[in-house]
Amino acid sequence: MATTQARAQDPRRKLLLVAAGAAVLGLVVLIAVLSVTESDSRLTVTDVAGSPEIEGADLTVVPEPGEPDPAIGEAAPVVQGADHDGNPVSIGDATGRGQMIMFMASWCQFCQQELPTVVDWVAEGRLPDDVDLIAVSTSLSDVRPNWPPQDWFVRENYQNQVIVDDVQSSIARAYGLRATPYWVIVNPEGVIVHRSTGISPSGVLDAFAELAAGRQLPQT
Amino acid sequence: MVAVVERIAGLLSLLTLGLIAYLIVALLRRQVPAIVRQDLALPLATLIAFGATAGSLFFSEVAGYTPCVLCWYQRIAMYPLVIVCGVAVLRRNANVLTTVLPITAIGASISIWHIMVEQRPALGGMCDSQAPCALKWINEFGFLTLPTMALIAFVAISLLVIAARQPNTVSTNSL
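Protein chains in written order, with the working numbering: chain A, 389 to 608; chain B, 8 to 182.
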C-alpha cells in the first residue's frame, strides 16, 4: 500500500503522465491538420442571397395544424426578386395565374425529401397550365450542409422558378414561415388561400394546384 | 480552421471510445489499475468535460453552429461537470459518484434522444429555420455527430468516476 501511494504521488510519474497526454493531444492535432483540406473559394451567404423588394403587410406566422389561419383571404405580400442567376422573379402579385409557393432551405432534411417529390409531380404533368410553381430559396446558411442551394436545385433537376431570399430571410418572414418546408398557395387574384408546414405528398400537391387555380376541391 | 477543429473533436471522440471500451473491461473484471484509479480517472473526467464544454462553445460562438433546444439541455448537463470533477481533483475526493452520475445519466439520455431525432427527423418536427434539432452540423467518420460526441463524453465521465471509486484490487506493481 505504501508503495502504491508513493508511486501515485511521485512528481516525476505525474510529469510523465502529463507529457504523455500532451503528446497524444499533439498527435491528434497533427493528424487533424494533415487530414483536412479547407477551400477558401467557398460561396458565402452574402454571395448567394438576393435583395428582394417586398410590398404589403407581413402575414402572421402560420398557426399550428388544426388551428384557423387568419391569413386566409388576405392579400399576399408582393415580392420582386431574382433567381440564383439574377433573372427577375416575382411572387404574390395578381397575375391572373395561381401560385404554388414552396419555401425551401437546402440544409433541411424534410426539404431534401420534398423536392424530388415535387420534381416527379411536375414531370408527371400534374402542374396545371394556369398555375406557377415557385420555390423560395430561404434560411440561407453557408455553415450548414448541402450548401449552396443553387447546386441542390440543379442536382435535383428542379426546373421551375426560384426566388432567392435575403440574408435576413425577409420573404419567409413576410409570408409567416414557422418551419420548412412551407407551402403558401395564392389564387389568381393574389389572395392567400392556403398555408401549411410539412412534407406534402403528390396527392396534396394536386389539391394545392386546384386551390391555386381557384377551383373547388373535389368532394371525397 | 473549423474543419480542423471538427476533425480534432472526431479523433478525440474515437480515443474516448477506446477509453470507454478499456474501462468497461477493467470494471467488469474488477481490475482497474491503481494508476487509473488514483491518478488518472478524475483528471481525465475533468479534461473530457472541459473539452466537451470548450468544443461546444467553439462550435456555437466561432463556427456559428446555432445550438438547438436539445443541444442546450446537453450543455446544461455537461458544463457543471467541469466544476464538479475539477473540484474533486483538487480535493482528491473520489466520492463524487453520487453527484456526477445523475447529471451524466440525464445528459446521456438527452444525447440518445437527440441522436434518434437526427436519424429520424420527423421525431423532432419540421425544420425550425433558426435551430433545427435534426441538423447534423458535424458528421465525422460518418457517425460522430455532436450529440454522439456528447454521449461518448457523458459515458466516459460516468465510467471514470466509477473507476475512481473502485476498491484497491490491483497493485501498481502489476502495471
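Virtual Cβ for every residue (Gly too), placed ideally from N, Cα, C.
Residue i burial status per 10 Å Cβ neighbour count (16 or more: buried)
i                 : result
Leu418 of chain A : exposed
Ala445 of chain A : exposed
Ala511 of chain A : exposed
Asp135 of chain B : buried
Gln487 of chain A : buried
Thr111 of chain B : buried
Glu455 of chain A : exposed
Pro139 of chain B : buried
Phe148 of chain B : exposed
Leu30 of chain B  : buried
Arg44 of chain B  : buried
Ala41 of chain B  : buried
Pro399 of chain A : exposed
Pro589 of chain A : exposed
Leu182 of chain B : A caution first: Leu182 of chain B carries a pLDDT of 42, below 50, which makes its placement in the model unreliable, though a value can still be read off. Looking at its Cβ environment, which holds fewer than 16 other Cβ atoms inside 10 Å, Leu182 of chain B is exposed.
Ala61 of chain B  : exposed
Asp517 of chain A : exposed
Asp46 of chain B  : buried
Thr105 of chain B : exposed
Thr585 of chain A : buried
Arg543 of chain A : exposed
Val506 of chain A : buried
Partners in chain B for residue i, counting only beta-carbon separations shorter than 9 Å
i                 : result
Pro533 of chain A : Leu142, Lys143, Trp144 and Asn146
Ile419 of chain A : Arg14, Ile15 and Leu18
Gly438 of chain A : Result: empty, since nearest Cβ-Cβ is about 16 Å, beyond 9 Å.
Ala493 of chain A : Cys134, Ser136 and Pro139
Chain B contact residues for residue i, given Cβ-Cβ distances below 7 Å
i                 : result
Val424 of chain A : Ala10, Val11 and Arg14
Thr568 of chain A : Met133, Cys134 and Ser136
Gly586 of chain A : Met133
Ser527 of chain A : Ser136
Beta-carbon neighbours of residue i, restricted to chain A and to distances below 8 Å
i                 : result
Pro239 of chain B : With chain B represented from 8 up to 182, any question about residue 239 of chain B goes unanswered, as that position is not in the structure.
Leu47 of chain B  : Leu405
Short Cβ contact (9 Å threshold) for residue i with residue j
i                 : j                 : result
Ala459 of chain A : Ile479 of chain A : no
Pro440 of chain A : Gln468 of chain A : yes
Val9 of chain B   : Ala70 of chain B  : yes
Val550 of chain A : Ala523 of chain A : yes
Phe491 of chain A : Ile442 of chain A : no
Ala562 of chain A : Met133 of chain B : no
Leu160 of chain B : Leu34 of chain B  : Checking the displayed sequence, the identity of residue 160 of chain B turns out to be Ala instead of Leu. Not closer than 9 Å, so no.
6 Å CB neighbourhood of residue i in its chain, flanking five on each side removed
i                 : result
Leu151 of chain B : Gly17 and Ser20
Ala95 of chain B  : Leu49 and Val103
Leu167 of chain B : Ala48, Leu51 and Ala52
Gly602 of chain A : Asn575 and Pro576
Leu670 of chain A : Within the shown structure, residues of chain A are numbered from 389 to 608, placing residue 670 of chain A beyond reach of any answer.
Ser494 of chain A : Asn534, Pro537 and Trp540
Phe66 of chain B  : Tyr72
Gln173 of chain B : Val39 and Arg44
His582 of chain A : Ile573 and Leu599
Leu158 of chain B : Ala115 and Ser118
Ala482 of chain A : Glu577 and Gly578
Backbone CA spacing between residue i and residue j [nearest angstrom]
i                 : j                 : result
Asn545 of chain A : Asp473 of chain A : 16 Å
Asp594 of chain A : Leu515 of chain A : 8 Å
Thr448 of chain A : Val579 of chain A : 14 Å
Val433 of chain A : Glu452 of chain A : 30 Å
Cys496 of chain A : Val477 of chain A : 23 Å
Val406 of chain A : Ile587 of chain A : 53 Å
Thr73 of chain B  : Gln137 of chain B : 7 Å
Ser63 of chain B  : Gly513 of chain A : 48 Å
Leu431 of chain A : Ser525 of chain A : 15 Å
Ala470 of chain A : His121 of chain B : 37 Å
Leu1 of chain B   : Trp79 of chain B  : Only positions 8 to 182 of chain B appear in the structure, and residue 1 of chain B is not among them; the question remains open.
Asn475 of chain A : Ala437 of chain A : 13 Å
Thr155 of chain B : Cys92 of chain B  : 21 Å
Leu528 of chain A : Ile145 of chain B : 18 Å
Leu76 of chain B  : Leu142 of chain B : In the sequence on display, residue 76 of chain B carries Val and not Leu. Each residue's Cα considered, the two are about 12 Å apart.
Chain A contact residues for residue i, given Cβ-Cβ distances below 7 Å
i                : result
Gly71 of chain B : Val531
Per-residue contacts from residue i into chain B (C-beta, under 8 Å)
i                 : result
Ala560 of chain A : Ser136
Leu565 of chain A : Ser136
Ala410 of chain A : Those do not exist, as Ala410 of chain A stays about 11 Å from chain B at its closest Cβ, beyond 8 Å.
Val416 of chain A : Ile15, Leu18, Leu19 and Leu22
Ser557 of chain A : Ser136
Cutoff 8 Å; reference residue i; Cβ partners in own chain excluding five residues on either side
i                 : result
Ser423 of chain A : none
Arg14 of chain B  : Glu147
Ala597 of chain A : Gly486, Met488, Arg514, Leu515, Pro516 and Val519
Check: residue i C-beta below 8 Å from any heavy atom of the ligand MG
i                : result
Gln38 of chain B : The model on display carries no ligand, and the ligand MG is accordingly not part of it.
Contacts around residue i, its chain only, beta-carbon distance under 7 Å, and the 5 residues preceding and following it disregarded
i                : result
Leu26 of chain B : Ala163
Val11 of chain B : none
Gly58 of chain B : Leu19
Any C-beta of chain E under 9 Å from that of residue i
i                 : result
Leu104 of chain B : This model lacks chain E altogether; the protein chains it does include are A and B.
Contacts that residue i makes with chain A (C-beta to C-beta distance below 9 Å)
i                : result
Pro74 of chain B : Chain A residues near Pro74 of chain B: none, gap ~13 Å exceeds 9 Å.
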